[in-house]
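Q: Chains as they are written, first to last, in my numbering: chain Y, 13 to 205; chain B, 13 to 205.
Virtual Cβ for every residue (Gly too), placed ideally from N, Cα, C.
Mind having a look at this structure? Questions to follow.
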DNA sequence: GATAAAAATTAAAGTAGTTTAATAAATCAC
DNA sequence: GTGATTTATTAAACTACTTTAATTTTTATC
């Protein structure tokens, strides 16, 4: 199991000794997903929180008209899951699937609870992770309220240049909340400048 | 200082003994705001996290055209602040002001850090608070992507019936991401059913 | 490497939501 | 309580974005 990335991710916020590190690692399971493979289906229970070591996932919904709306992309070094379903073990709100062949490390709710109990520092770790996620989401809500589609696209490129390379325009459009057709029009206008 | 509400808020997630409770209380400051009074101005540093014991606050931005966009309402039993500015002590992204005469309990970053150190259970408390806030925000993003303005309004009424009574339609519109004129049209259509 | 499938582009017609402006209703401040 | 200010309503013209559909380009698959 390749634990370099996740241990480095954790060490940015808390320091673990050898025993704690080993215990943490013992709670993880590895999983590989092929491109287009589903990790979670809406309505299922989300059994694990997932740390991406390689590849790219998307969290999304499908509306009544069959259109997909992307809540979040995840790439290497990101945590993804359906937090509501994970915490309550109620049916998931979101779908999660792989946009590329992807490798993740998974921790179940049961094991995470054990981890909080045995190594309370992880309360701090996930508090900090959640703070950052909260701030990023709040910013996105503000942009959805304040910006035009063009402004949101420009900001997306600036903020996630790696992602813009890796995912199709169709996916970017589903993230920005516009149609692929309109994104194409924006890009045309933008390119001619 | 009326600490009933905040202690009850905390007791939902962690248990404190007398010493811990007293220490926590000693870190709080009381503040009263008149209706329309600003708690935080964009560009200032957000010095405190704030727990509302009475009244109603709004967190918002003002765009280049002078329009206000509301990220969040806060009423009794809610925590509000500009988390990014609070954590980094960089200039605030958001304005916060009072929609009613309001009373809050404040904790500075310095005191919160002391609290985490002396009573690490609070790491858990704020992790849980943030989890809930994250889930609520993710849901809002999904609605902004998937729903029409009318659907968002209907969901808002269902989700926050108390708020719909307390704040003006203008504020609700600024939260939903539409103009007051269009909200009025939605309500008319809705009432005629 | 050829073929099929998916994604991107373009144009034209359509719609959800905005803008402006005028009027009515509610709320505020003294 | 009354005048002033803010909020809500209504209607009509407007615009950002969608829809549909046809064509081209890119990517996936055997």
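#1: In the DSSP assignment, what residue or residues form a beta bridge with residue 109(Y)?
#2: Taking a Cβ distance cut-off of 7 Å, strictly less, list which residues of the stretch 91–106 of chain B are near chain Y, in chain order.
#3: Does residue 165(B) come within less than 9 Å of chain Y when only Cβ atoms are used?
#4: Put residue 41(Y) into one of helix, strand or coil per three-state DSSP.
#5: Of all the CB atoms in chain Y, is at least one closer than 9 Å to the CB of residue 17(B)?
#6: Would you verify that the beta carbon of residue 198(Y) is, or is not, closer than 9 Å to some beta carbon of chain B?
#7: In the DSSP assignment, the beta strand (DSSP E) including residue 84(Y) goes from what residue to what residue?
#8: Taking 9 Å as the cut-off, decide whether the C-beta atoms of residue 12(Y) and residue 130(Y) are in contact.
#9: Less than 9 Å separating the beta-carbons of residue 70(B) and residue 113(B)?
#10: Where residue 123(B) and residue 63(B) are concerned, what is the direct C-alpha to C-alpha distance, given to the nearest angstrom?
#11: Roughly how many angstroms separate the alpha carbons of residue 103(B) and residue 76(B), rounded to a whole number?
#12: Of the residues that make up the stretch 128–144 of chain Y, which ones have a beta carbon closer than 7 Å to any beta carbon in chain B?
#13: Please classify residue 118(Y): does DSSP put it in a helix, a strand, or coil?
#14: Against chain Y, with Cβ distances strictly below 9 Å, would residue 158(B) count as a contact?
#15: Give me the Cα-Cα distance between residue 32(B) and residue 74(Y), rounded to the nearest whole angstrom.
#16: Report the three-state DSSP secondary structure of residue 26(B) (helix, strand or coil).
#17: Closer than 6 Å by C-beta to residue 135(B): which residues in its own chain qualify, once you throw out the five before and the five after it? Chain order, please.
#18: Have a look at the DSSP bridge pairing and note the partners of residue 60(Y).
#19: Whose CA, out of 163(Y), 39(Y), 89(Y), 178(Y), lies closest to the CA of residue 201(Y)?
#20: Taking all protein chains shown into account, decide if residue 89(B) is buried (16 or more other Cβ within 10 angstroms of its Cβ) or exposed.
#21: What residues match up with residue 103(Y) in a beta bridge as DSSP calls it?
#22: Please list the partners that residue 191(Y) has in chain B, where partner means a Cβ-to-Cβ separation under 9 Å.
#23: Any idea which residues DSSP pairs residue 92(Y) with across the strands?
#24: With a threshold of 9 Å between beta carbons, is residue 81(Y) in contact with chain B?
#25: I need the boundaries of the alpha helix (DSSP H) containing residue 173(Y), first residue and last residue.
A: With the structure as the only source:
#1: 50(Y), 70(Y)
#2: 95, 96, 99
#3: no
#4: strand
#5: No, no contact with chain Y.
#6: no
#7: 80–87
#8: For residue 12(Y) there is no data in the structure shown, the boundaries of chain Y being 13 and 205.
#9: Not in contact: residue 70(B) and residue 113(B) (Cβ atoms no closer than 9 Å).
#10: 14 Å
#11: Annotation: residue 103(B) to residue 76(B) spans about 18 Å, alpha carbon to alpha carbon.
#12: 132, 135, 136, 138, 139, 142, 143
#13: strand
#14: yes
#15: 47 Å
#16: coil
#17: 128
#18: 120(Y)
#19: 163(Y)
#20: exposed
#21: 57(Y)
#22: Within chain B, no residue comes near residue 191(Y); the closest Cβ sits about 12 Å away, beyond 9 Å.
#23: 62(Y)
#24: Closer than 9 Å to some Cβ of chain B, the Cβ of residue 81(Y) qualifies, so yes.
#25: Segment 173–178, the alpha helix (DSSP H) holding residue 173(Y).
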